[in-house]
Amino acid sequence: MNQVLKSKVALVAGATRGAGRGIATELGAAGAIVYVTGRTTHAHRSEYNRSETIEQTADLVNQAGGQGIPVQVEHLDQAQVQALVARIESEQGRLDILVNDIGAEYLVDLNKPIWELSLDRGLRMLRLAIDTHIITSHFALPLLIKNPGGLVIEITDGTAEYNEKNYRLSLFYDLAKTSVIRMAWALAQELQPHKCTAVALTPGWLRSEIMLDHFEVSEANWQDATAKEPHFVISETPRYIGRAVACLAQDPDVARWNGQSLSSGQLAKVYGFTDLDGSQPDAWRYIREVADVGKPADATGYR
């Protein structure tokens, strides 16, 4: 990226692991100052109860060439989010990129009807996956719109086209991921008069830390997971969506995407970036044309 975002300030809300970590790292590789937030630090674990920390993410940003600033934030706590934005304004005087990536996938119960689901878990997921985005945007956008060219990226799972036609695992998960897409569209209407842009963006089948653990593999031998799930052949690293975000952030014509639902694979074809292995996985086309219609797993022509 040649430090093209060196003068830019980004906030990646939910950068502890997964897509958020990949996005923060690639923004750092492009030279940005990146505030990375989450609940898990070296001294405290969130309810995810996993080892990844925001300090580790900040270190990755620094190693990539940017400036990573870890800040522990509970994004459901309005006072904490307000204080975070006040700190960014005090220290940097601006905010150019907001990435809302907070979710709660660990709460998803798959393939059960609403009457068999835990209301407590489901409603908690909606709060973490939707309310956090709204609260963060409420406090962050007044700073972002002070300068034209600001960018808001709402991270979700699935494109608008796919989610409109396919039930997404459970009622709560379906609501969460489709709501975020609509949220991006709504924010686009409000940001356009300020010459700022909002989009929804989805990765494909993400090789997150949680997914790799689920298949009992590492990034080094991830292909071994295809013995359990052959369609995992189309999967991608979190850095792939990170490169999509970095490309959007440096695009002088990014307003052309305002309000749209985008995917990492789609943007790879437009901007020409690749995943770490040099491939360009197009997961949502693969899922639609291969996995969902029962064809044997074969990523030929899709990555």
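Sequence positions in the sequence shown follow our numbering and run 1 to 303. All C-beta atoms in this analysis are idealised placements derived from N, C-alpha and C, irrespective of residue type, glycine included.
One Cα belongs to Glu55, the other to Arg207, and the distance between them is close to 21 angstroms. Membership of Tyr240 in the alpha helix (DSSP H) is indicated by the continuous run Pro238 to Gln250.
With contacts defined by Cβ atoms closer than 8 angstroms, Gly259 and Asp282 do not form a contacting pair.
Per the C-alpha coordinates, the member of Tyr35, Gly301 and Tyr173 positioned closest to Ser118 is Tyr173. Residue burial is scored here from C-beta neighbours: Arg21 has at least 16 other C-beta atoms within 10 angstroms and is therefore classed as buried.
Distance from Ile88 to Leu169 at the Cβ level is roughly 35 angstroms; contact not present, criterion being Cβ atoms closer than 8 angstroms. For Leu98, the enclosing beta strand (DSSP E) starts and ends at Ile97 to Asn100. Around the beta carbon of Ala227, fewer than 16 other beta carbons lie within 10 angstroms, which makes this residue exposed. Selection Tyr302, Ser218 and Asn147 evaluated against Ser279 yields Tyr302 as nearest (Cα-Cα).
In the structure shown, Ile134 falls within a helical segment according to DSSP collapsed to helix, strand and coil.
Around Thr40, the same chain offers Thr16, Ser46 and Thr53 as residues with beta carbons nearer than 6 angstroms, after the five sequence neighbours per side are excluded.
DSSP places Ala10 within a strand segment (E or B) once states are collapsed to three. Secondary structure note for Gln67: its beta strand (DSSP E) is the uninterrupted segment Gln67 to Gln72.
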